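Each remark here refers to the structure printed beneath this line.
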Amino acid sequence: MEKYEINIRIGNKIREERQRQSLSQEKLAEIANVHRTYIGMIERAEKNITLVSLEKIAIALGLDIRDLLD
517 MEKYEINIRI GNKIREERQR QSLSQEKLAE IANVHRTYIG MIERAEKNIT LVSLEKIAIA
577 LGLDIRDLLD
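Residues in the sequence shown are numbered consecutively from 517, following this note's numbering.
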């Protein structure tokens, strides 16, 4: 699967913020109500994230969705 630059940027931002908050992928997934493997796949740019999931993850991280898109 081709990795698109936007997926890489979003995945990196999610990983950086998750680690900054000392959250495991499992804990972030639990808070965001998404599957635990989905977080890893997003961080590695292996999946196209939906807007709904992006919003759930942003809220779980205490961010505005725009923070993950900048």
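Glycine is no exception: its CB is placed at the ideal position from the N, C-alpha and C atoms.
Note that this is a predicted model, so its numbers are computed, not measured.
Integer Cβ distance of residue i from residue j, believed to fall under 8 Å
{"i": "L579", "j": "E546", "result": "Not a contact, Cβ separation roughly 17 Å."}
{"i": "K572", "j": "A548", "result": "4 Å"}
Buried or exposed (CB count within 10 angstroms, at least 16 for buried), residue i
{"i": "L567", "result": "exposed"}
{"i": "Q541", "result": "buried"}
{"i": "E521", "result": "exposed"}
Span of the alpha helix (DSSP H), counted from its first residue to its last, around residue i
{"i": "N549", "result": "Per DSSP, N549 belongs to no alpha helix (DSSP H) and is neither H nor E."}
{"i": "G527", "result": "E521 to R536"}
{"i": "K572", "result": "L567 to A576"}
Proximity of residue i and residue j at Cβ, strictly below 7 Å
{"i": "I581", "j": "L570", "result": "yes"}
{"i": "I524", "j": "A561", "result": "yes"}
{"i": "E574", "j": "L584", "result": "The question names Glu, but residue 574 is Ala in the sequence shown. Cβ atoms of A574 and L584: closer than 7 Å."}
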